[in-house]
Amino acid sequence: MLGALFAVFSAATFGLNNAVVRRGMVTGTVGQSMAISVPMGVVCFLLLALATGELDRLMHFPPMAAAWMAGFGVLHFVIGRYCNVRANQLAGVNLTAPVVQLQVIVTLVLAVTLLHEPCSVLQMIGGVLILVGSLITQWQPPRPPVAPSVFKSSEDPDVPLQSALIKPPAPTLFAPRYLAGYLIALVAAVAYGASTVMARFALEHTGPATGILGGFIAYTVATAVAALGLLLPPIRRDIGAIRRENARLFVLSGILIAAAQGFFFAAISIAPVLLVMPLLQTALAFRLLFSTWLNRTHEVFGAFVLAGVVISISGALMVCIDTDVILNALAIPEPVASLLRWRI
(Lines of atoms letter the chains of each structure in order from A and count residues from 1; the text may use other names and numbers.)
(Lines give C-alpha, C1' and ligand atoms only; values in the text may rest on other atoms or scores of the structure.)
Protein backbone atom coordinates (compact mmCIF):
# COMPACT_ATOMS: atom_id res chain seq x y z
CA MET A 1 0.00 0.00 0.00
CA LEU A 2 2.80 2.44 0.92
CA GLY A 3 4.64 1.69 -2.32
CA ALA A 4 1.48 2.40 -4.33
CA LEU A 5 0.97 5.70 -2.46
CA PHE A 6 4.54 6.79 -3.21
CA ALA A 7 3.99 5.88 -6.87
CA VAL A 8 0.85 8.05 -7.14
CA PHE A 9 2.62 10.98 -5.46
CA SER A 10 5.43 10.54 -7.96
CA ALA A 11 2.99 10.49 -10.89
CA ALA A 12 1.28 13.70 -9.76
CA THR A 13 4.61 15.49 -9.35
CA PHE A 14 5.83 14.22 -12.72
CA GLY A 15 2.64 15.56 -14.29
CA LEU A 16 3.10 19.03 -12.80
CA ASN A 17 6.78 19.06 -13.76
CA ASN A 18 5.98 18.27 -17.38
CA ALA A 19 3.56 21.18 -17.58
CA VAL A 20 6.06 23.56 -15.95
CA VAL A 21 9.00 22.57 -18.14
CA ARG A 22 6.78 22.75 -21.24
CA ARG A 23 5.91 26.32 -20.28
CA GLY A 24 9.61 27.13 -20.08
CA MET A 25 10.33 25.43 -23.39
CA VAL A 26 7.99 27.80 -25.25
CA THR A 27 10.85 30.32 -25.40
CA GLY A 28 13.69 28.30 -23.83
CA THR A 29 15.89 25.46 -25.07
CA VAL A 30 16.60 21.88 -24.05
CA GLY A 31 20.16 22.76 -23.06
CA GLN A 32 18.97 25.55 -20.77
CA SER A 33 16.46 23.24 -19.13
CA MET A 34 18.99 20.49 -18.42
CA ALA A 35 21.70 22.92 -17.30
CA ILE A 36 19.45 23.99 -14.42
CA SER A 37 17.14 21.08 -13.66
CA VAL A 38 19.75 18.30 -13.43
CA PRO A 39 22.08 20.10 -10.95
CA MET A 40 19.00 21.11 -8.95
CA GLY A 41 18.45 17.41 -8.36
CA VAL A 42 21.89 17.16 -6.73
CA VAL A 43 21.08 20.09 -4.44
CA CYS A 44 17.68 18.69 -3.46
CA PHE A 45 18.90 15.17 -2.71
CA LEU A 46 21.98 16.49 -0.88
CA LEU A 47 19.83 18.64 1.41
CA LEU A 48 17.45 15.73 1.97
CA ALA A 49 20.35 13.38 2.77
CA LEU A 50 21.77 15.90 5.24
CA ALA A 51 18.39 16.45 6.89
CA THR A 52 17.73 12.73 7.34
CA GLY A 53 21.28 11.77 8.30
CA GLU A 54 21.54 9.41 5.33
CA LEU A 55 24.67 11.16 4.03
CA ASP A 56 26.69 9.55 6.83
CA ARG A 57 25.90 6.16 5.27
CA LEU A 58 27.17 7.11 1.82
CA MET A 59 30.49 5.28 2.20
CA HIS A 60 28.59 2.12 3.16
CA PHE A 61 26.37 2.19 0.08
CA PRO A 62 26.98 -1.12 -1.80
CA PRO A 63 29.37 -0.54 -4.72
CA MET A 64 27.28 -2.60 -7.13
CA ALA A 65 24.14 -0.68 -6.19
CA ALA A 66 26.06 2.58 -6.66
CA ALA A 67 27.11 1.43 -10.14
CA TRP A 68 23.51 0.63 -11.05
CA MET A 69 22.36 4.05 -9.80
CA ALA A 70 25.15 5.77 -11.73
CA GLY A 71 23.98 4.02 -14.88
CA PHE A 72 20.42 4.98 -14.03
CA GLY A 73 21.46 8.62 -13.72
CA VAL A 74 23.08 8.76 -17.16
CA LEU A 75 20.34 6.82 -18.94
CA HIS A 76 17.39 8.46 -17.18
CA PHE A 77 18.47 12.01 -16.34
CA VAL A 78 20.68 12.71 -19.36
CA ILE A 79 19.46 10.62 -22.30
CA GLY A 80 15.85 10.08 -21.28
CA ARG A 81 15.26 13.60 -20.01
CA TYR A 82 16.88 15.23 -23.03
CA CYS A 83 14.69 13.20 -25.40
CA ASN A 84 11.58 13.80 -23.31
CA VAL A 85 12.05 17.57 -23.12
CA ARG A 86 13.00 17.78 -26.79
CA ALA A 87 9.91 15.77 -27.79
CA ASN A 88 7.73 18.04 -25.64
CA GLN A 89 9.19 21.05 -27.40
CA LEU A 90 8.52 19.59 -30.86
CA ALA A 91 5.04 18.14 -30.40
CA GLY A 92 3.78 19.17 -26.96
CA VAL A 93 3.26 17.19 -23.76
CA ASN A 94 -0.28 16.04 -24.52
CA LEU A 95 0.76 14.27 -27.73
CA THR A 96 4.15 12.89 -26.68
CA ALA A 97 3.30 11.86 -23.10
CA PRO A 98 1.33 8.73 -24.13
CA VAL A 99 4.27 7.73 -26.37
CA VAL A 100 6.72 8.23 -23.51
CA GLN A 101 4.43 6.11 -21.34
CA LEU A 102 5.28 3.16 -23.58
CA GLN A 103 8.13 2.85 -21.10
CA VAL A 104 5.79 0.65 -19.08
CA ILE A 105 5.89 -1.97 -21.86
CA VAL A 106 9.69 -1.82 -21.92
CA THR A 107 9.72 -2.24 -18.15
CA LEU A 108 7.14 -5.03 -18.33
CA VAL A 109 9.30 -7.04 -20.72
CA LEU A 110 12.50 -6.45 -18.73
CA ALA A 111 10.81 -7.15 -15.39
CA VAL A 112 9.64 -10.54 -16.66
CA THR A 113 12.89 -11.50 -18.40
CA LEU A 114 15.45 -10.07 -15.97
CA LEU A 115 13.70 -9.71 -12.61
CA HIS A 116 11.53 -12.81 -13.13
CA GLU A 117 8.41 -11.01 -11.92
CA PRO A 118 5.18 -12.80 -12.96
CA CYS A 119 3.01 -11.34 -15.71
CA SER A 120 -0.57 -12.52 -16.40
CA VAL A 121 -2.46 -12.47 -19.68
CA LEU A 122 -4.65 -9.69 -18.28
CA GLN A 123 -1.55 -7.60 -17.58
CA MET A 124 -0.37 -8.15 -21.14
CA ILE A 125 -3.77 -6.96 -22.40
CA GLY A 126 -3.31 -3.88 -20.24
CA GLY A 127 0.04 -3.27 -21.90
CA VAL A 128 -1.65 -3.45 -25.31
CA LEU A 129 -4.24 -0.89 -24.16
CA ILE A 130 -1.46 1.48 -23.15
CA LEU A 131 -0.03 1.13 -26.65
CA VAL A 132 -3.45 1.68 -28.24
CA GLY A 133 -4.02 4.77 -26.11
CA SER A 134 -0.72 6.26 -27.21
CA LEU A 135 -1.62 5.68 -30.85
CA ILE A 136 -5.11 7.19 -30.53
CA THR A 137 -3.68 10.51 -29.33
CA GLN A 138 -1.79 10.79 -32.62
CA TRP A 139 -5.09 11.04 -34.52
CA GLN A 140 -5.88 14.39 -32.91
CA PRO A 141 -5.63 17.09 -35.62
CA PRO A 142 -3.97 20.36 -34.60
CA ARG A 143 -6.09 23.47 -34.35
CA PRO A 144 -5.58 26.05 -37.10
CA PRO A 145 -3.67 29.18 -36.11
CA VAL A 146 -5.78 32.16 -35.15
CA ALA A 147 -5.35 35.17 -37.38
CA PRO A 148 -4.87 38.52 -35.67
CA SER A 149 -8.20 40.28 -35.19
CA VAL A 150 -9.01 43.46 -37.08
CA PHE A 151 -10.79 46.41 -35.51
CA LYS A 152 -12.77 49.14 -37.15
CA SER A 153 -12.10 52.83 -36.66
CA SER A 154 -14.67 54.58 -34.51
CA GLU A 155 -14.58 57.53 -36.91
CA ASP A 156 -14.86 55.59 -40.17
CA PRO A 157 -16.30 52.06 -39.82
CA ASP A 158 -15.13 51.18 -43.31
CA VAL A 159 -11.43 51.75 -42.49
CA PRO A 160 -9.86 48.75 -40.73
CA LEU A 161 -7.19 49.21 -38.10
CA GLN A 162 -4.67 46.43 -37.46
CA SER A 163 -5.03 45.09 -33.97
CA ALA A 164 -1.30 45.57 -33.44
CA LEU A 165 -1.95 49.33 -33.25
CA ILE A 166 -4.43 48.83 -30.45
CA LYS A 167 -3.30 45.71 -28.62
CA PRO A 168 -0.81 42.84 -29.14
CA PRO A 169 -1.84 40.34 -31.81
CA ALA A 170 -3.61 37.18 -30.76
CA PRO A 171 -1.13 34.37 -30.00
CA THR A 172 -0.58 31.82 -32.72
CA LEU A 173 -1.63 28.37 -31.57
CA PHE A 174 0.97 25.63 -31.33
CA ALA A 175 1.67 23.60 -34.51
CA PRO A 176 3.25 20.25 -33.52
CA ARG A 177 6.00 18.49 -35.48
CA TYR A 178 4.57 14.98 -35.26
CA LEU A 179 7.19 12.62 -36.71
CA ALA A 180 10.24 14.10 -34.99
CA GLY A 181 8.36 14.47 -31.70
CA TYR A 182 7.12 10.88 -31.70
CA LEU A 183 10.47 9.35 -32.66
CA ILE A 184 12.35 11.22 -29.94
CA ALA A 185 9.60 10.42 -27.43
CA LEU A 186 10.02 6.73 -28.30
CA VAL A 187 13.75 6.93 -27.47
CA ALA A 188 12.81 8.53 -24.15
CA ALA A 189 10.38 5.67 -23.47
CA VAL A 190 13.11 3.06 -23.99
CA ALA A 191 15.56 5.00 -21.81
CA TYR A 192 13.04 5.47 -19.01
CA GLY A 193 11.80 1.89 -19.15
CA ALA A 194 15.26 0.34 -19.07
CA SER A 195 16.52 2.67 -16.33
CA THR A 196 13.62 1.70 -14.07
CA VAL A 197 14.84 -1.88 -13.98
CA MET A 198 18.35 -0.63 -13.16
CA ALA A 199 16.94 1.26 -10.16
CA ARG A 200 15.10 -1.87 -9.04
CA PHE A 201 18.34 -3.86 -9.20
CA ALA A 202 20.03 -1.23 -7.03
CA LEU A 203 17.32 -0.60 -4.44
CA GLU A 204 15.46 -3.91 -4.19
CA HIS A 205 14.88 -5.08 -0.60
CA THR A 206 16.34 -1.91 0.92
CA GLY A 207 13.91 0.79 2.07
CA PRO A 208 12.61 4.27 1.22
CA ALA A 209 15.53 6.01 2.98
CA THR A 210 18.06 4.21 0.79
CA GLY A 211 16.45 5.84 -2.23
CA ILE A 212 17.73 9.20 -0.98
CA LEU A 213 21.36 8.13 -1.34
CA GLY A 214 20.54 6.37 -4.60
CA GLY A 215 19.03 9.55 -5.99
CA PHE A 216 22.00 11.62 -4.84
CA ILE A 217 24.43 9.26 -6.58
CA ALA A 218 22.35 9.17 -9.77
CA TYR A 219 21.98 12.94 -9.98
CA THR A 220 25.66 13.58 -9.20
CA VAL A 221 26.87 11.29 -11.98
CA ALA A 222 24.27 12.67 -14.41
CA THR A 223 25.36 16.25 -13.62
CA ALA A 224 29.01 15.36 -14.22
CA VAL A 225 28.18 13.80 -17.60
CA ALA A 226 25.88 16.65 -18.63
CA ALA A 227 28.57 19.17 -17.65
CA LEU A 228 30.79 17.82 -20.43
CA GLY A 229 28.52 19.70 -22.83
CA LEU A 230 29.92 22.95 -21.45
CA LEU A 231 33.12 22.19 -23.32
CA LEU A 232 31.29 23.12 -26.53
CA PRO A 233 31.07 26.90 -27.16
CA PRO A 234 27.57 26.76 -28.76
CA ILE A 235 26.16 25.11 -25.65
CA ARG A 236 27.82 27.67 -23.38
CA ARG A 237 26.37 30.51 -25.44
CA ASP A 238 22.94 28.90 -25.40
CA ILE A 239 22.94 28.53 -21.60
CA GLY A 240 24.29 32.05 -21.13
CA ALA A 241 21.39 33.49 -23.12
CA ILE A 242 18.69 32.07 -20.83
CA ARG A 243 15.85 34.42 -19.93
CA ARG A 244 15.08 35.14 -16.28
CA GLU A 245 11.51 33.84 -16.51
CA ASN A 246 12.67 30.59 -18.09
CA ALA A 247 15.38 30.21 -15.45
CA ARG A 248 12.74 30.41 -12.70
CA LEU A 249 10.59 27.81 -14.45
CA PHE A 250 13.55 25.45 -14.93
CA VAL A 251 14.54 25.81 -11.26
CA LEU A 252 10.99 24.90 -10.26
CA SER A 253 11.13 22.00 -12.72
CA GLY A 254 14.35 20.76 -11.14
CA ILE A 255 12.77 20.80 -7.68
CA LEU A 256 9.61 19.05 -8.89
CA ILE A 257 11.46 16.34 -10.81
CA ALA A 258 13.73 15.69 -7.81
CA ALA A 259 10.64 15.29 -5.60
CA ALA A 260 9.04 12.98 -8.16
CA GLN A 261 12.19 10.87 -8.38
CA GLY A 262 12.39 10.74 -4.59
CA PHE A 263 8.87 9.32 -4.39
CA PHE A 264 9.74 6.93 -7.22
CA PHE A 265 12.88 5.61 -5.51
CA ALA A 266 10.93 5.16 -2.28
CA ALA A 267 8.23 3.22 -4.14
CA ILE A 268 10.62 1.03 -6.11
CA SER A 269 12.57 0.12 -2.98
CA ILE A 270 9.56 -1.53 -1.31
CA ALA A 271 7.20 -2.52 -4.14
CA PRO A 272 7.53 -4.62 -7.31
CA VAL A 273 8.26 -2.89 -10.61
CA LEU A 274 5.02 -4.21 -12.09
CA LEU A 275 3.09 -2.36 -9.38
CA VAL A 276 5.02 0.92 -9.41
CA MET A 277 5.40 1.50 -13.14
CA PRO A 278 1.73 1.17 -14.12
CA LEU A 279 0.68 3.49 -11.30
CA LEU A 280 3.10 6.05 -12.69
CA GLN A 281 0.98 6.07 -15.84
CA THR A 282 -1.62 8.12 -13.99
CA ALA A 283 0.82 10.94 -14.70
CA LEU A 284 -0.99 11.13 -18.06
CA ALA A 285 -4.10 12.42 -16.33
CA PHE A 286 -2.13 14.82 -14.15
CA ARG A 287 -0.26 16.11 -17.21
CA LEU A 288 -3.50 16.77 -19.05
CA LEU A 289 -4.90 18.60 -16.04
CA PHE A 290 -1.85 20.79 -15.47
CA SER A 291 -1.37 21.42 -19.20
CA THR A 292 -4.93 22.74 -19.41
CA TRP A 293 -4.09 25.09 -16.57
CA LEU A 294 -0.63 26.31 -17.67
CA ASN A 295 -0.27 25.71 -21.41
CA ARG A 296 -3.67 26.09 -23.00
CA THR A 297 -2.35 27.71 -26.21
CA HIS A 298 0.86 25.65 -26.36
CA GLU A 299 -0.67 22.16 -26.42
CA VAL A 300 -3.01 20.04 -28.52
CA PHE A 301 -6.33 19.21 -26.87
CA GLY A 302 -9.34 17.31 -28.12
CA ALA A 303 -11.43 14.16 -27.98
CA PHE A 304 -8.69 11.87 -29.31
CA VAL A 305 -6.17 13.12 -26.74
CA LEU A 306 -8.67 12.58 -23.91
CA ALA A 307 -9.67 9.13 -25.23
CA GLY A 308 -6.03 8.09 -25.53
CA VAL A 309 -5.31 9.17 -21.96
CA VAL A 310 -8.32 7.29 -20.59
CA ILE A 311 -7.45 4.10 -22.49
CA SER A 312 -3.79 4.28 -21.44
CA ILE A 313 -4.73 4.71 -17.78
CA SER A 314 -7.22 1.82 -18.03
CA GLY A 315 -4.47 -0.39 -19.40
CA ALA A 316 -2.10 0.71 -16.64
CA LEU A 317 -4.66 -0.21 -13.98
CA MET A 318 -5.09 -3.65 -15.57
CA VAL A 319 -1.35 -4.15 -15.25
CA CYS A 320 -0.95 -2.97 -11.67
CA ILE A 321 -4.09 -4.27 -9.95
CA ASP A 322 -4.03 -7.89 -8.87
CA THR A 323 -5.60 -10.01 -11.62
CA ASP A 324 -7.87 -11.93 -9.23
CA VAL A 325 -9.27 -8.69 -7.82
CA ILE A 326 -10.32 -7.54 -11.29
CA LEU A 327 -11.73 -10.90 -12.31
CA ASN A 328 -13.75 -11.27 -9.12
CA ALA A 329 -15.10 -7.72 -9.37
CA LEU A 330 -16.23 -8.28 -12.97
CA ALA A 331 -17.56 -11.81 -12.30
CA ILE A 332 -15.70 -13.20 -15.32
CA PRO A 333 -16.74 -16.78 -16.20
CA GLU A 334 -14.24 -19.31 -14.88
CA PRO A 335 -12.97 -20.61 -18.25
CA VAL A 336 -12.14 -17.06 -19.35
CA ALA A 337 -10.81 -16.17 -15.90
CA SER A 338 -8.43 -19.13 -15.99
CA LEU A 339 -7.07 -17.95 -19.31
CA LEU A 340 -6.58 -14.39 -18.02
CA ARG A 341 -4.83 -15.71 -14.89
CA TRP A 342 -2.23 -17.60 -16.90
CA ARG A 343 1.18 -16.18 -16.12
CA ILE A 344 4.51 -16.01 -17.88
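Read in order, the letters of the sequence shown correspond to residues 37 to 380 in the numbering used here.
Idealized CB from N, CA, C, for every residue including glycine.
Residues that DSSP places opposite residue i in a beta bridge
i, result
"R379", "S156"
Pairwise C-alpha distance: residue j and residue i
i, j, result
"T256", "F108", "11 Å"
"S374", "F300", "33 Å"
"G169", "V140", "13 Å"
"G148", "C155", "First, the residue type needs correcting, since residue 148 is Val and not Gly in the sequence shown. Straight-line Cα distance between these residues: approximately 7 Å."
"G247", "A263", "24 Å"
"L83", "Q68", "23 Å"
"M100", "A302", "19 Å"
"V35", "L353", "Outside the shown range of the chain (37 to 380) lies residue 35, about which nothing can therefore be said."
"V164", "A225", "15 Å"
"A211", "A365", "44 Å"
"A43", "F81", "18 Å"
"I166", "R273", "40 Å"
"G265", "M70", "11 Å"
"L363", "V372", "9 Å"
"L267", "A102", "27 Å"
"A321", "V345", "7 Å"
"I293", "L376", "36 Å"
"Q241", "P308", "Reading the sequence as shown, one finds His at residue 241 and not Gln. Their Cα atoms are separated by approximately 10 Å."
Cβ distance (whole Å) where residue i is taken to contact residue j below 8 Å
i, j, result
"I306", "R236", "About 11 Å separates the two Cβ atoms, so there is no contact after all."
"F50", "A277", "About 28 Å separates the two Cβ atoms, so there is no contact after all."
"T65", "R279", "No, T65 and R279 are not in contact; Cβ-Cβ is about 10 Å, not under 8 Å."
"I72", "A296", "The pair is not a contact, with the Cβ atoms about 16 Å apart (cut-off 8 Å)."
"V261", "V57", "No, V261 and V57 are not in contact; Cβ-Cβ is about 20 Å, not under 8 Å."
"L131", "G217", "7 Å"
"G298", "M105", "Not quite, the Cβ-Cβ distance comes to about 13 Å (not below 8 Å), so this is no contact."
"L144", "T359", "The Cβ separation is near 14 Å, so there is no contact."
"M76", "G290", "3 Å"
Cutoff 7 Å: residue i Cβ touching any chain C Cβ
i, result
"A277", "Any reference to chain C falls outside this structure, which holds one protein chain only."
At least three beta-carbon pairs within less than 8 Å, the stretch 217-229 to the stretch 106-126: Enough Cβ pairs lie closer than 8 Å, so yes.
Secondary structure, beta strand (DSSP E): runs of 3+ residues fully inside the stretch 80-111: Taken in chain order, the stretch 80-111 contains no complete beta strand (DSSP E) segment of 3 residues or longer.
Those runs of the alpha helix (DSSP H) which lie wholly inside the stretch 268-298 and span at least 4 residues: Taking only runs of at least 4 residues, the alpha helix (DSSP H) segments lying wholly in the stretch 268-298 are 269-276.
Residue ranges of each beta strand (DSSP E) within the stretch 232-264, 3 or longer: Whole beta strand (DSSP E) segments, 3+ residues: zero.
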